[in-house]
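Enquirer:
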Amino acid sequence: MMLCLLSALAHLHRLGVVHRDVKAENILLDRSKAVLSDLGIAAFLKDEQAMQKRVGSPGYAPPEVVTDLPYDEKVDLFGAGAVLYFALSNTLPFPGKTLKKVLEATARCKVRFDAGLFGDFSGSIMQLLKTLLQKDPTRPS
């Protein structure tokens, strides 16, 4: 699933398009592949106004979006990290009982990587998660 998702994002980014709402609900599974759907709030990277609007889904959007900072295509990678986190732990990286609590937790970006959440997943999977979910918006692409 992650390989298909990251491949789809790489393709969009080569076209200069940022999805801006990567979340589990927008990934359609079809036997051996995953398809990224819902480009309803996608925008062109060169559209500077669009790259400053607060969009996306709480729990999947990165800190730079929820704190109203300018952003780029790397917001999609953060969303992919949140999808992987959810797939492995059955919880979002920034849980909260209210929207306000989720947004506050996202802004702080203190992600839990407890063994109790992830069990015996490999070190490389955990490193990928930490890379994708880092607070610094210059996260690798």
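Residue numbers for the sequence shown follow our numbering, so the first one is 17 and each next one is one higher.
Glycine included, each C-beta is placed from N, C-alpha and C at the ideal position.
Alpha carbon to alpha carbon, how far is residue 108 from residue 71? Give it in angstroms, no decimals.
Expert: Taking the first residue of the sequence shown as position 1, residue 71 is located at position 55. Taking the first residue of the sequence shown as position 1, residue 108 is located at position 92. Their Cα atoms are separated by approximately 18 Å.
Enquirer: Determine the direct distance from the alpha carbon of residue 24 to that of residue 33, and round the result to whole angstroms.
Expert: Sequence index remark: in the sequence shown, residue 33 carries index 17 (1-based). Sequence index remark: in the sequence shown, residue 24 carries index 8 (1-based). Taking the straight line joining both Cα atoms gives about 11 Å.
Enquirer: Compute the distance between the beta-carbons of residue 74 and residue 133, then report whether it is under 9 Å.
Expert: For this step, residue 74 is matched to residue 58 along the sequence shown. For this step, residue 133 is matched to residue 117 along the sequence shown. No. Outside cutoff.
Enquirer: Can you find the residues in the same chain that come closer than 8 Å, C-beta to C-beta, to residue 60, ignoring five residues on each side of it along the sequence?
Expert: Working through the sequence shown from its first residue, we reach residue 60 at position 44. Closer than 8 Å at Cβ, skipping near neighbours: 32, 33, 34, 66.
Enquirer: I'd like to check one pair, residue 90 with residue 153: are the Cβ atoms closer than 9 Å?
Expert: Here residue 153 refers to the residue found at position 137 when the sequence shown is read from its first residue. Here residue 90 refers to the residue found at position 74 when the sequence shown is read from its first residue. Against a cut-off of 9 Å, the Cβ pair of residue 90 and residue 153 comes out as a contact.
Enquirer: Tell me where the beta strand (DSSP E) around residue 43 begins and ends.
Expert: Here residue 43 refers to the residue found at position 27 when the sequence shown is read from its first residue. From DSSP, the beta strand (DSSP E) with residue 43 extends over 43 to 46.
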